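What follows is a short report on a single structure.
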Amino acid sequence: MVSLTNQLSMPVIEVALVLSKYIRILLDSLQNAAASNNEALPQRLTEPWQIESDADAPSIDSFPLDKLLGSLDEDRMDILDTLIRTILNESHLPFVPALTLLREWEALARTQMVGASGPGQLFSPFELPEGF
6 MVSLTNQLSM PVIEVALVLS KYIRILLDSL QNAAASNNEA LPQRLTEPWQ
56 IESDADAPSI DSFPLDKLLG SLDEDRMDIL DTLIRTILNE SHLPFVPALT
106 LLREWEALAR TQMVGASGPG QLFSPFELPE GF
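Numbering (our numbering), first residue to last: 6 to 137.
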């Protein structure tokens, strides 16, 4: 996934949207399993991780949502979607570690997005720390 996002210079908003899809799918499955066994999932799985930011997040009202959604590259998002789905299905990775990994990626994406001062910065390439 790291190589693909770097190679395609995937915008942070596109990565975040694909991640949110799989987080929702995994979380729904885990919550159903937990509920059927009268158990509860830890907050670290059910909620987005806390992020640190020095910047005041701009109001979402200042971002033209219809233009943002119209600017997404669906083909590029489909490639990442397919990669994540294939990794999850072929690796037989248990849902908890898979969800934890996606939450880590989500935290990186949210950290980058909260620093966006305008809609255009949401299309900046998703940045991963060295050695990630």
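Glycine is no exception: its CB is placed at the ideal position from the N, C-alpha and C atoms.
Source: prediction; values computed, not measured.
DSSP on residue i, reduced to helix/strand/coil?
{"i": "P16", "result": "strand"}
{"i": "P130", "result": "strand"}
{"i": "W54", "result": "coil"}
{"i": "M118", "result": "helix"}
{"i": "G136", "result": "coil"}
{"i": "S41", "result": "helix"}
{"i": "G123", "result": "coil"}
{"i": "D78", "result": "coil"}
{"i": "L46", "result": "coil"}
Our contact map puts residue i next to residue j with C-beta atoms below 8 angstroms; I'd like the distance itself, whole angstroms only.
{"i": "V119", "j": "I28", "result": "With a Cβ gap of about 17 angstroms, V119 and I28 do not count as contacting."}
{"i": "L127", "j": "A121", "result": "5 angstroms"}
{"i": "S25", "j": "T116", "result": "At roughly 15 angstroms, the Cβ-Cβ gap does not stay under 8 angstroms, so S25 and T116 are not in contact."}
{"i": "L172", "j": "I18", "result": "Because the chain here runs from 6 to 137, residue 172 falls outside it and cannot be looked at."}
Taking the alpha helix (DSSP H) that residue i belongs to, which residues open and close that run?
{"i": "L98", "result": "Run containing L98: none; DSSP gives neither H nor E here."}
{"i": "L73", "result": "70-75"}
Does residue i pass the burial test, meaning 16 or more other C-beta atoms within 10 Å, or should it be called exposed?
{"i": "L2", "result": "Any answer about residue 2 is impossible in this case: the structure gives the chain only from 6 up to 137."}
{"i": "G21", "result": "Position check: residue 21 holds Ala in this sequence, whereas Gly was assumed. So A21 counts as buried."}
{"i": "P16", "result": "buried"}
{"i": "T10", "result": "buried"}
{"i": "E95", "result": "exposed"}
{"i": "L85", "result": "buried"}
{"i": "F137", "result": "exposed"}
{"i": "L104", "result": "buried"}
{"i": "E111", "result": "buried"}
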